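Novice: I have a structure I would like to understand better, so I am pasting it below and will then ask my questions one at a time.
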Amino acid sequence: MGRPHLNIVAVRRISMSFVNVAPQLVSTAAADAARIGSAINTANTAAAATTQVLAAAQDEVSTAIAALFGSHGQHYQAISAQVAAYQERFVLALSQASSTYAVAEAASATPLQNVLDAINAPVQSLTGAPIDRRRRETGIDGTGQAGG
1 MGRPHLNIVA
11 VRRISMSFVN
21 VAPQLVSTAA
31 ADAARIGSAI
41 NTANTAAAAT
51 TQVLAAAQDE
61 VSTAIAALFG
71 SHGQHYQAIS
81 AQVAAYQERF
91 VLALSQASST
101 YAVAEAASAT
111 PLQNVLDAIN
121 APVQSLTGAP
131 IDRRRRETGI
141 DGTGQAGG
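In structure tokens, the structure reads:
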């Protein structure tokens, strides 16, 4: 006979965080971000002329300075194009998130409403008032104070 085996099990508790999302606010944020992106794109289009700077004079220094500023302008345009692409993806992600949350809320509201209706029917037949209306009328904990 051997020794009995000990099984040691580590238990880790995982806590779940809750997130409240208002799809209308996310949708508004997406629209605002799109407007900001449009304004920045307009400014970048106006700044495109800075990529081809003419030399102030015909000497080497003026030509080198013009080339330097032109190079900076080209780098700015390249970076701003990347940022614009990122911003467009961000706006798309916000818009999709807003739609997804709205659909999820609508899908979860229907079964919950069915449960509330099933509970509410006998209460309403006994009291003449639905559960949620009575709660609003009586307020917080039946104190008569306005509830949330």
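Heads up: the sequence shown is residues 1 to 148, going by UniProt numbering. For glycine and all other residues, C-beta sits at the position ideal for the given N, C-alpha and C. All figures in this text were calculated on a predicted structure; none of them were measured in a lab.
Using 8 Å as the Cβ pair cut-off and three pairs as the minimum, do the stretch 92-103 and the stretch 23-36 touch?
Specialist: Yes, they touch.
Novice: List the endpoints of the continuous alpha helix (DSSP H) containing residue 41.
Specialist: That run of the alpha helix (DSSP H) goes 23-47.
Novice: CA-CA distance, residue 55 and residue 77?
Specialist: Answer to the nearest angstrom: the Cα atoms are 20 Å apart.
Novice: Alpha carbon to alpha carbon, how far is residue 57 from residue 63?
Specialist: Whole-angstrom Cα-Cα distance: 7 Å.
Novice: Grab me the residues of residue 143's own chain with a C-beta within less than 6 Å of its C-beta, minus the 5 sequence neighbours each way, in chain order.
Specialist: With a pLDDT of 49 at residue 143, under the threshold of 50, the modelled position of that residue is not reliable, and the figure given next carries that caveat. Closer than 6 Å at Cβ, skipping near neighbours: no residue.
Novice: Please report the Cβ distance between residue 37 and residue 53, rounded to the nearest whole angstrom; I am assuming they are in contact, meaning their Cβ atoms lie under 8 Å.
Specialist: That belief does not hold up - the Cβ atoms of residue 37 and residue 53 are roughly 27 Å apart, past 8 Å.
Novice: Let me know the secondary structure DSSP gives residue 95 once reduced to three states.
Specialist: If DSSP states are grouped into helix, strand and coil, residue 95 belongs with the helices.
Novice: So, with DSSP's three-state summary, where would you put residue 112?
Specialist: Residue 112 falls in the helix class under three-state DSSP.
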